[in-house]
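Trainee: Sequence lines, in order, name chains A and B. Read in our numbering, the first sequence has 51 at position 51, and its numbers run on one by one without any break. Read in our numbering, the second sequence has 483 at position 189, and its numbers run on one by one without any break.
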Amino acid sequence: MTATVFNILSSGIFHASILFLVAAGLQLVFGVQKIFNLACGSFYALGAYLGITMVDIFLAQGGSPLLSFFPLLIAGLILGVLGPLVERGFLRFVYQRDESFQLLLTFALVLMFEDVIRFFWGTYPRSPKGVYLAFGTIHIGGAAIPVYNLLVIGASLAVASLMGYMLRRTRFGRIIRATASNPEMVQALGVRSSTVFVKVFTLGTVLGTVGGALVVPTTAAVSEMAVHLIVLAFAVVVIGGLGSMKGAFVGALLVGLLKSLSMAIYPELEMMLIYLIVIGVLVFRPQGLVGGQS
Amino acid sequence: MMSDPSQTELIGRASLPRRNWPVVILMGGFLVGGGIWPFIGKEYHVYLTLSFFAYSVALLGLNLLFNYTGLLSFGHALFLGIGGYTAAFLTYKYSIMSMELILAVTLALSGVVALAIGFICVRYIKIYFAMLTLAFGMLLHSFLMKTYDLTGGDEGMHVFQPKLLGFEFATMDKMAFFCGPYYYYSLTVFLIALVLMWRIVHSHFGICLQAIRDNPDKAEYLGISIRSYRLRAFVISGCFAGVGGALMAPPTGHVDPAFVFWTHSGDMVFMVLLGGFSNFFGPMMGSLVFIFLRDIVASATEYWRFIFGAILAVIVIMAPEGLMGMVVNGWHRLRSLLMRGGSP
Numbered sequence: 001m002t003a004t005v006f007n008i009l010s011s012g013i014f015h016a017s018i019l020f021l022v023a024a025g026l027q028l029v030f031g032v033q034k035i036f037n038l039a040c041g042s043f044y045a046l047g048a049y050l051g052i053t054m055v056d057i058f059l060a061q062g063g064s065p066l067l068s069f070f071p072l073l074i075a076g077l078i079l080g081v082l083g084p085l086v087e088r089g090f091l092r093f094v095y096q097r098d099e100s101f102q103l104l105l106t107f108a109l110v111l112m113f114e115d116v117i118r119f120f121w122g123t124y125p126r127s128p129k130g131v132y133l134a135f136g137t138i139h140i141g142g143a144a145i146p147v148y149n150l151l152v153i154g155a156s157l158a159v160a161s162l163m164g165y166m167l168r169r170t171r172f173g174r175i176i177r178a179t180a181s182n183p184e185m186v187q188a189l190g191v192r193s194s195t196v197f198v199k200v201f202t203l204g205t206v207l208g209t210v211g212g213a214l215v216v217p218t219t220a221a222v223s224e225m226a227v228h229l230i231v232l233a234f235a236v237v238v239i240g241g242l243g244s245m246k247g248a249f250v251g252a253l254l255v256g257l258l259k260s261l262s263m264a265i266y267p268e269l270e271m272m273l274i275y276l277i278v279i280g281v282l283v284f285r286p287q288g289l290v291g292g293q294s
Numbered sequence: 295m296m297s298d299p300s301q302t303e304l305i306g307r308a309s310l311p312r313r314n315w316p317v318v319i320l321m322g323g324f325l326v327g328g329g330i331w332p333f334i335g336k337e338y339h340v341y342l343t344l345s346f347f348a349y350s351v352a353l354l355g356l357n358l359l360f361n362y363t364g365l366l367s368f369g370h371a372l373f374l375g376i377g378g379y380t381a382a383f384l385t386y387k388y389s390i391m392s393m394e395l396i397l398a399v400t401l402a403l404s405g406v407v408a409l410a411i412g413f414i415c416v417r418y419i420k421i422y423f424a425m426l427t428l429a430f431g432m433l434l435h436s437f438l439m440k441t442y443d444l445t446g447g448d449e450g451m452h453v454f455q456p457k458l459l460g461f462e463f464a465t466m467d468k469m470a471f472f473c474g475p476y477y478y479y480s481l482t483v484f485l486i487a488l489v490l491m492w493r494i495v496h497s498h499f500g501i502c503l504q505a506i507r508d509n510p511d512k513a514e515y516l517g518i519s520i521r522s523y524r525l526r527a528f529v530i531s532g533c534f535a536g537v538g539g540a541l542m543a544p545p546t547g548h549v550d551p552a553f554v555f556w557t558h559s560g561d562m563v564f565m566v567l568l569g570g571f572s573n574f575f576g577p578m579m580g581s582l583v584f585i586f587l588r589d590i591v592a593s594a595t596e597y598w599r600f601i602f603g604a605i606l607a608v609i610v611i612m613a614p615e616g617l618m619g620m621v622v623n624g625w626h627r628l629r630s631l632l633m634r635g636g637s638p
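Pasting the structure below:
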C-alpha cells in the first residue's frame, strides 16, 4: 500500500516538475506579452530531440551516462537562441493586434516547428540509450524510485526558487513585474520594452526547451509530443491561473498528481478528469485557483 | 423592446449592401461551376472538392462566431466530431444508411450540445472563450480515446456508404458514387447552407450580432440581450459545423479522435483566416485554397506543414484580411480606375 502511494507520488511529482518548467515559461510570456504561446510545446519537443542528440554525442565521446545531465541542460540552453529569433522575427509584429491573431501566429509556429523536427530527426520515436537506468533506483517505503526522477524534481525546484528570487528580489524581476502590470509606465520611466520582451521570451523559451531535454531520458521523443504537451501545459496554467508563477506551480502539481493517480487507479479517466477540472476552473474561478497576482 | 430610431441606427452601422452583383455572380458561379465540375475535372480533384463542400459548411458556422459575433472558437472540431461520429454510429453500428437521417440526427445532437456548451462559454469572450471551447473539444477527444468499446478508441470507426434520398447506388463503384451522386448531394447541402447563412448574417439577428461585436455596451443599452444573441449564434454555428462533419465522414470512410483534436480546430481557423474572415465568402476561398494547395504542396514535399505554417504567419502579420481581402481591394482599385479613368 505505502509502496503504491510512494510510486504515485514520485511519478506525479516528476510529471509536475516537467510541467512546471514549461508552464512557467508560458506564464512568463503571457504575463508580460499577453500572448498565449502555443509554441511552448514545440520548444519542449525541440529540447527533447536536441537533448537526445547531445547525449548521443556525449556518450559517443566516452562521457559517463551519470553526467548526461549536462549535455541535456546544454541542449536546452543552446535552443535559447530561438527566443530572440521568434520574438524579433514574428511576435513583435502582433503585440498591438487582437488576441485571436496572436494565438494563431503561435499556432503557425507550431506547424512550422513540427516539420523542423521531422526534417532533422525524422518521424520515428527516439530515446537516448541507457541513461535512465544508469542512475539506478532507491527504495523508499518499499517503492523503487528512479534516482533520475529525483534529480529532475530537484532541478525543477531549484528553477522555481531561482525564478521566485529573480522576480521578487532583482532589478530585472521588478522590471518584468512592472511591465506585466503597466508597460506604458515602465517605458515612460526609461526602460526599453523591446529589450524586456526579448529577454522574457528567451527565458520562457529556455524553460520549455530545458523541460523537454530533461524529460527525454524517461520517455521516447515522438513527433506528436508538442501538440500533446500544449494541452497539458494549457490545463496547468488555466487551473493555476493565467500569468501567475504560483499558479504554474500549483497547477503543475495538481495536474501531475492527478495524472499519475488516475493512471494507477482508473486510466479511462485520465485526461477527461483534467479537462473537466479545467472547465470547472474557467467557469467558477476564471482567475485560477491561486491567480490574481503575478 | 427596441424603438425604431435605435434600430435604424444599428442597421446604419452594421449592414452590408444586400444586392450587389459580384455576390450574385459568386453564388451563380458556385451553382454553375459546381454543377459542371465533375464533367471537366479529374476524378481525384472532384473527390477533393467533397472536402471543400464539407469544410465550407462548417466554416460558415465558425465564421458566424468569429467574424460576425467576435468570438474565436478553438474547439469547433468538436462539432465536426459530432457529425462524423453520428455518421459512423448510424451506418456502422445501427445499419441506418439514410443520409437525410444522419444529417437530421447530427443537427439535433449538435444543437443540443452547442446549447449546453454555449450556455457556459458565451459568458466569456476573447482568450477565455477560446480556451473554454478548446477544453470542451479536448474533453470530447479524451472521451473518444478512452471509450474503446463504444467508439473504437484511437482506432476510430468505419463509416459506410450512405443512401441518398433513399437510393442505395449499390451497383456503383465507390469512387463513381462519391464523384457522382454524393458530389451533387454535397453541393446541394453546401448551397443551401450558403444561402441560409447569407440570410442569417443579413437578418436583423445578424446585424444585432455585429452591433454586439462592435460595441457590446451600446448594444446592451439599446435592449439587445448579449448573452442570448451570442448563445443563439453559438448554436447555429455548432449546427453548421456538425453538418460539415457529417458530410466529411462518408468519403473518408472512417472517423477517429484526431478528427476532434485541437489542431483540427486550429486548421479550421487557419482556413477562415487564409480566405479572409471579414468577407462572407472568405472562408470558402480559404477552404478551397487550403485543400487544393495542401494537395499540391504535399505531393511535392513532405514538409507541407512548414510551408503552411509560414503562409499562416505571413497572413497574420501582413494580410489579416486574407486572400478575399486582397481580391476585394484589387477589385475596388480596378473599378475606381475604370470608372474615373484615373488613379485610384
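Cβ atoms here follow ideal geometry from the backbone N, Cα and C, with glycine treated the same way.
Closer than 8 Å, Cβ to Cβ, to anything on chain A: give me those residues from the region 556 to 586 of chain B, in chain order.
Mentor: W556, T557, G560, V563, F564, L567
Trainee: Give a yes or no on whether 8 Å exceeds the smallest Cβ distance from R168 of chain A to chain B.
Mentor: no
Trainee: If I measure Cβ to Cβ from T195 of chain A and keep anything under 7 Å in the same chain, skipping five residues before and after, which residues do I get?
Mentor: none
Trainee: Consider the Cβ of F437 of chain B: report whether some Cβ of chain A lies at a distance smaller than 8 Å.
Mentor: yes
Trainee: Leaving out five residues before and five after G25 of chain A in sequence, what residues of the same chain have Cβ atoms less than 6 Å from its Cβ?
Mentor: C40, G204, L207, G208
Trainee: For chain A, is any of its Cβ atoms less than 8 Å away from the one on L354 of chain B?
Mentor: no
Trainee: State buried or exposed for M469 of chain B, treating a residue as buried only when at least 16 other CB atoms are found within 10 Å of its CB.
Mentor: exposed
Trainee: How about P298 of chain A: is its C-beta nearer than 8 Å to some C-beta of chain B?
Mentor: Outside the modelled stretch of chain A, which goes from 1 to 294, sits residue 298 of chain A, for which no answer is possible.
Trainee: Indicate the three-state DSSP secondary structure (helix, strand or coil) for A221 of chain A in the structure shown.
Mentor: strand
Trainee: Do L257 of chain A and G12 of chain A come within 8 Å of each other at the CB atom, strictly closer than that value?
Mentor: In this structure, the beta-carbon distance from G12 of chain A to L257 of chain A falls below 8 Å.
Trainee: Name the chain B residues whose beta carbon is nearer than 7 Å to that of M263 of chain A?
Mentor: For M263 of chain A, there are no neighbours in chain B by C-beta distance under 7 Å, as the nearest C-beta there is about 12 Å away.
Trainee: Output the boundary residues of the alpha helix (DSSP H) element that contains A408 of chain B.
Mentor: From DSSP, the alpha helix (DSSP H) with A408 of chain B extends over 393 to 415.
Trainee: Could you work out which residue in B:L632, B:F575, B:G405 is closest to M620 of chain B when comparing CA atoms only?
Mentor: B:F575
Trainee: Considering Cα atoms alone, identify which of A:G122, A:L105, A:L28, A:G130 is closest to P65 of chain A.
Mentor: A:G130
Trainee: How would you label D448 of chain B, buried or exposed, when you count the other beta carbons within 10 angstroms and need 16 or more for buried?
Mentor: exposed
Trainee: Name the chain B residues whose beta carbon is nearer than 9 Å to that of R118 of chain A?
Mentor: E596, Y597, R599, F600
Trainee: State whether the region 440 to 458 of chain B contacts the region 556 to 563 of chain B, with contact taken as three or more CB pairs (one from each stretch) at a distance under 8 Å.
Mentor: Cβ pair count under 8 Å is below three, so no.
Trainee: Could you tell me whether the Cβ of V420 of chain B comes closer than 8 Å to any Cβ of chain A?
Mentor: Per the sequence shown, the amino acid found at residue 420 of chain B is Lys instead of Val. Chain A, which has a Cβ nearer than 8 Å to the Cβ of K420 of chain B, makes this yes.
Trainee: Can you give me the start and stop residues for the alpha helix (DSSP H) that P71 of chain A sits inside?
Mentor: It spans 69 to 78 - the alpha helix (DSSP H) in which P71 of chain A sits, taken as one unbroken run.
Trainee: Would you check if the distance between the CB atom of V351 of chain B and the CB atom of F534 of chain B is smaller than 8 Å?
Mentor: yes
Trainee: To be precise: take each residue of the region 98 to 112 of chain A, compare its Cβ to all Cβ atoms of chain B, and keep it if any distance is under 9 Å. Which residues remain?
Mentor: Result list: D98, E99, S100, F101, Q102, L103, L104, L105, F107, A108, L109, V110, L111, M112.
Trainee: Please check the pair S42 of chain A and E114 of chain A, which I expect to be a contact at CB under 8 Å, by giving their CB distance rounded to whole angstroms.
Mentor: That pair is a contact at about 7 Å.
Trainee: Could you pull the DSSP bridge partners for F119 of chain A from this structure?
Mentor: None; F119 of chain A has no bridge partner.
Trainee: For C473 of chain B, which residues from the same chain have a beta carbon less than 7 Å from its beta carbon, with the 5 sequence-adjacent residues on both sides left out?
Mentor: P332, E337, V340, Y341
Trainee: Using a Cβ cut-off of 9 Å, pull out every chain B residue sitting near R36 of chain A, in sequence order please.
Mentor: Per the sequence shown, the amino acid found at residue 36 of chain A is Phe instead of Arg. The answer, in chain order, is I421, A424, M425.
Trainee: Here's the rule I'm using: 16 or more other beta-carbon atoms within 10 Å means buried, otherwise exposed. How should E184 of chain A be labelled?
Mentor: exposed
Trainee: Residues in the region 601 to 631 of chain B with C-beta within 9 Å of chain A's C-beta atoms, listed in sequence order?
Mentor: I601, F602, G603, A604, I605, L606, A607, V608, I609, V610, I611, M612, P614
Trainee: Under 6 Å Cβ to Cβ from V198 of chain A, same chain only, skipping five residues before and after it: list those, please.
Mentor: For V198 of chain A, where only same-chain residues beyond five positions count, the Cβ hits under 6 Å are P84, E87.
Trainee: In angstroms, rounded to a whole number, what distance separates the CA positions of V283 of chain A and F234 of chain A?
Mentor: 15 Å
Trainee: Here's the rule I'm using: 16 or more other beta-carbon atoms within 10 Å means buried, otherwise exposed. How should I175 of chain A be labelled?
Mentor: Using a 10 angstroms sphere on the CB of I175 of chain A, the tally of other CB atoms reaches 16 or more, which defines it as buried.
Trainee: Below 7 Å, is the gap between the Cβ of Y478 of chain B and the nearest heavy atom of the ligand FAD?
Mentor: What this structure holds is no ligand at all, so the ligand FAD is not there to describe.
Trainee: Between the region 426 to 435 of chain B and the region 368 to 377 of chain B, do at least 3 Cβ pairs fall closer than 8 Å?
Mentor: With the cut-off at 8 Å, the region 426 to 435 of chain B and the region 368 to 377 of chain B touch.
Trainee: Does DSSP put M432 of chain B in a helix, in a strand, or in coil?
Mentor: helix
Trainee: Give a yes or no on whether the minimum CB-CB distance between K440 of chain B and chain A is below 8 Å.
Mentor: Yes, its Cβ sits closer than 8 Å to a Cβ of chain A.
Trainee: Going by DSSP, name the residue or residues bridged to M451 of chain B.
Mentor: B:V549
Trainee: Once you ignore the five residues that flank E270 of chain A on each side, which residues in its own chain have a CB closer than 8 Å to its CB?
Mentor: Closer than 8 Å at Cβ, skipping near neighbours: K259, S262, M263.
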